[in-house]
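Novice:
Numbering (the working numbering), first residue to last: 256 to 637.
1. Pick from 352, 340 and 308: whose alpha carbon is nearest that of residue 322?
2. At what residue ranges does the segment 282 to 308 contain a whole run of the alpha helix (DSSP H), taking only runs of 4 or more?
3. Do you know offhand how far residue 603's Cα is from residue 592's?
4. I'd like to confirm the pairing. Which residues does DSSP put opposite residue 258 in its beta bridges?
5. Comparing C-alpha positions only, which one of 337, 273, 406 and 285 sits nearest to residue 521?
6. So the beta strand (DSSP E) residue 333 belongs to, where does it begin and stop?
7. Should residue 481 go down as buried or exposed, given a rule of 16 or more other Cβ atoms within 10 Å for buried?
8. Quick check for students: name the residue ranges of the alpha helix (DSSP H) that lie wholly in the segment 441 to 482, counting only runs of 4 or more.
9. Quick one: using the 10 Å Cβ neighbour count with 16 as the cut-off for buried, is residue 283 buried or exposed?
10. Can you tell me whether residue 400 is helix, strand or coil according to DSSP?
11. Does the Cβ of residue 497 have 16 or more other Cβ atoms within 10 Å, making it buried, or fewer, making it exposed?
12. What three-state label does DSSP hand residue 574 in the structure shown?
13. DSSP three-state label for residue 406, please.
14. With C-beta atoms as the reference, is residue 584 less than 7 Å away from residue 538?
15. Which one of 551, 310 and 303 has the shortest CA to CA distance from residue 415?
16. By Cβ distance below 6 Å, which residues in the same chain neighbour residue 582 in space, the five residues on each side in sequence not counted?
17. Whole-angstrom Cβ separation of residue 493 and residue 530, contact assumed at under 8 Å?
18. Return yes when the Cβ of residue 627 is within less than 7 Å of the Cβ of residue 478, no when it is not.
19. DSSP three-state call for residue 516: helix, strand or coil?
20. For the alpha helix (DSSP H) holding residue 494, just list the boundary residues, first then last.
21. Looking at the secondary structure, which residues open and close the alpha helix (DSSP H) in which residue 600 lies?
22. By Cβ distance below 7 Å, which residues in the same chain neighbour residue 489 in space, the five residues on each side in sequence not counted?
23. Applying the 10 Å Cβ sphere with the 16-neighbour rule, what's the burial state of residue 595?
24. DSSP on residue 386, reduced to helix/strand/coil?
25. Whose C-alpha, out of 392, 418 and 394, is nearest the C-alpha of residue 404?
26. Suppose you measure from the CA of residue 267 to the CA of residue 371; what does that come to, to the nearest Å?
27. Does DSSP put residue 526 in a helix, a strand or coil?
28. Going by the CB atoms, is the gap between residue 635 and residue 504 shorter than 7 Å?
29. Does DSSP put residue 558 in a helix, a strand or coil?
30. At which residues does the alpha helix (DSSP H) containing residue 630 begin and terminate?
31. Quick one: what does DSSP say residue 611 is sitting in, helix, strand or coil?
32. For the beta strand (DSSP E) containing residue 589, list its first residue and its last residue.
33. For the alpha helix (DSSP H) containing residue 501, name the first residue and the last one.
34. Beta carbon of residue 600, beta carbon of residue 552: below 7 Å?
35. Measure the CB-CB distance between residue 534 and residue 501 and report whether it falls below 7 Å.
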């Protein structure tokens, strides 16, 4: 899997020298260490600031050791460029703003980070124009870089996942820009004058704090306080997707690569799929779309959101399955419900049906209920 992090002329050399990628902002995450921290003037914590911070925690929580890392160099009025390829080392971590490592040199705080190492490093970056605007080799809209296009339209997300198809094409464009030549050595910096990654002498040792990102205790507290926690639920799922009970419920095959996305844009409006998983076999591509709710599920999910997601996946992911069947499995993850309300939702879910073809299979809607005590538990209802 591949992720893109944003840098600029000033920060890029430090990312290369100290071998890390990062995102974050002026908001901090004291609730990670103090999960029962309230919202008030004394703590300085607000609902909006926390929601924004948790959404960034969710973004970086999908990064796994061994994932590919690319950098997008943002250059003000000048055209941006994509550079790579690096590899994630270890798990993402938190470095609080108060003593944020290298913040003085970077000119900003990046409190969510992951260490990296060189994989296949190319000197020159490929321009944004060649990636996003050029139609060279494009015969169908599905072949455009929609993850990056939507990122531009919706606010320059600091850590963006790419589909495997997009990643392969983007790395191929970077390689072509360099005539296929990969830099030798293990230590690099960025030269702004030549706009190139160049070898450097001597390696810097990363010495910053590496705090944990677990969101579970804060999620439990928010639920007990009857506060909204849908963003926290998303972060929790991304952090725990390989937990035995979750991976079993989602039928994730540990022997196959897993593509894992969150807030996956699927339209020029604000439509986004909360969590998406993708695994492939020789016969089919299984895409699971998880719609999350921090309350009991309603029929609006079935009449609006899920049909939109299914139609978009059929149009934009379907043509890229290399002749295999695209199998879409819609899953609602929400608070447990029983009695007549559950019966009504089960009946409504049964009405969302698509004809099966050699190219497309849409499975019946599944409902996974969560319950929260001292921890978060999940159970498949239907």
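The C-beta atom is built at its ideal place from N, Cα and C for all residues, glycine as well.
Specialist: On the basis of the data shown:
1. Position 67 of the chain shown holds residue 322. Per the Cα distances, 340.
2. Runs found: none.
3. To locate residue 603, count along the chain shown from 1; it is residue 348. To locate residue 592, count along the chain shown from 1; it is residue 337. Cα to Cα, residue 603 sits roughly 14 Å from residue 592.
4. Counted from its first residue, the chain shown places residue 258 at position 3. The partner list for residue 258 (beta bridge, DSSP) reads 324 and 416.
5. The residue you call residue 521 lines up with position 266 of the chain shown. Comparing Cα-Cα distances from residue 521 to each of 337, 273, 406 and 285, the minimum goes to 406.
6. If you number the chain shown from 1, residue 333 lands on position 78. Element bounds for residue 333: 333 to 349.
7. As a first step, residue 481 must be located in the chain shown, where it is residue number 226. It counts as exposed.
8. Complete alpha helix (DSSP H) runs here, min 4: 471 to 479.
9. Position 28 of the chain shown, counting from 1, holds the residue named residue 283. By the neighbour-count rule (16 or more Cβ atoms within 10 Å), residue 283 is buried.
10. As a working note, residue 400 is residue 145 in the chain shown. In this structure, residue 400 counts as coil in the three-state DSSP scheme.
11. Indexing the chain shown from 1 puts residue 497 at position 242. Result: exposed.
12. In the chain shown, the residue the question calls residue 574 occupies position 319. Residue 574 falls in the helix class under three-state DSSP.
13. Here residue 406 refers to the residue found at position 151 of the chain shown. In the structure shown, residue 406 sits in a helix (DSSP, three-state: H, G or I).
14. Locating residue 584 in the chain shown gives position 329, where the first residue counts as 1. Locating residue 538 in the chain shown gives position 283, where the first residue counts as 1. Their beta carbons are not under 7 Å apart, which means residue 584 does not touch residue 538 by this criterion.
15. Position 160 of the chain shown, counted from the start, is the residue given in the question as residue 415. Taking only the C-alpha atoms, the option nearest residue 415 is 310.
16. On the chain shown, residue 582 is found 327 positions in, with the first residue counted as 1. Excluding residues within five positions, the ones whose Cβ falls inside 6 Å are 539, 541 and 616.
17. Locating residue 493 in the chain shown gives position 238, counting from the first residue. Locating residue 530 in the chain shown gives position 275, counting from the first residue. Going by Cβ atoms, the distance from residue 493 to residue 530 rounds to 7 Å, so yes, they are a contact pair.
18. Start at 1 with the first residue of the chain shown, and residue 478 comes out as number 223. Start at 1 with the first residue of the chain shown, and residue 627 comes out as number 372. Closer than 7 Å, so yes.
19. Here residue 516 refers to the residue found at position 261 when the chain shown is read from its first residue. Correct three-state label for residue 516: strand.
20. Walking along the chain shown from the start, residue 494 turns up at place 239. Its alpha helix (DSSP H) spans residues 485 to 495.
21. For the purposes of this step, residue 600 is taken as residue 345 along the chain shown, with counting starting at 1. First-last of the alpha helix (DSSP H) with residue 600: 594 to 605.
22. Here residue 489 corresponds to residue number 234 of the chain shown, with the count starting at 1. Within the same chain, residue 489 has close Cβ partners 313, 517, 529, 530 and 547.
23. Translated into positions along the chain shown, residue 595 becomes position 340. Exposed: under 16 other Cβ atoms inside 10 Å.
24. The sequence position of residue 386 within the chain shown is 131, counting from 1. If DSSP states are grouped into helix, strand and coil, residue 386 belongs with the helices.
25. Translated into positions along the chain shown, residue 404 becomes position 149. Residue 404 has its Cα closest to that of 418, out of 392, 418 and 394.
26. The residue labelled residue 267 in the question sits at position 12 within the chain shown. The residue labelled residue 371 in the question sits at position 116 within the chain shown. Between residue 267 and residue 371, the C-alpha separation is close to 13 Å.
27. Stepping through the chain shown from its first residue, residue 526 is reached at position 271. Three-state result, residue 526: coil.
28. Sequence index remark: in the chain shown, residue 504 carries index 249 (1-based). Sequence index remark: in the chain shown, residue 635 carries index 380 (1-based). The Cβ atoms of residue 504 and residue 635 lie closer than 7 Å to each other.
29. Numbered from 1 along the chain shown, position 303 holds the residue referred to as residue 558. The answer is helix: DSSP assigns residue 558 an H, G or I state.
30. Locating residue 630 in the chain shown gives position 375, where the first residue counts as 1. From DSSP, residue 630 is part of no alpha helix (DSSP H); its letter is neither H nor E.
31. The residue you call residue 611 lines up with position 356 of the chain shown. Coil, per DSSP.
32. Taking the first residue of the chain shown as position 1, residue 589 is located at position 334. First-last of the beta strand (DSSP E) with residue 589: 580 to 590.
33. Residue numbering aside, residue 501 sits at position 246 when the chain shown is read from its first letter. Segment 499 to 504, the alpha helix (DSSP H) holding residue 501.
34. Against the chain shown, residue 600 aligns to sequence position 345. Against the chain shown, residue 552 aligns to sequence position 297. Yes; because the gap between Cβ atoms is below 7 Å, this pair is in contact.
35. Along the chain shown, one-based indexing puts residue 534 at 279. Along the chain shown, one-based indexing puts residue 501 at 246. Cβ atoms of residue 534 and residue 501: not closer than 7 Å.
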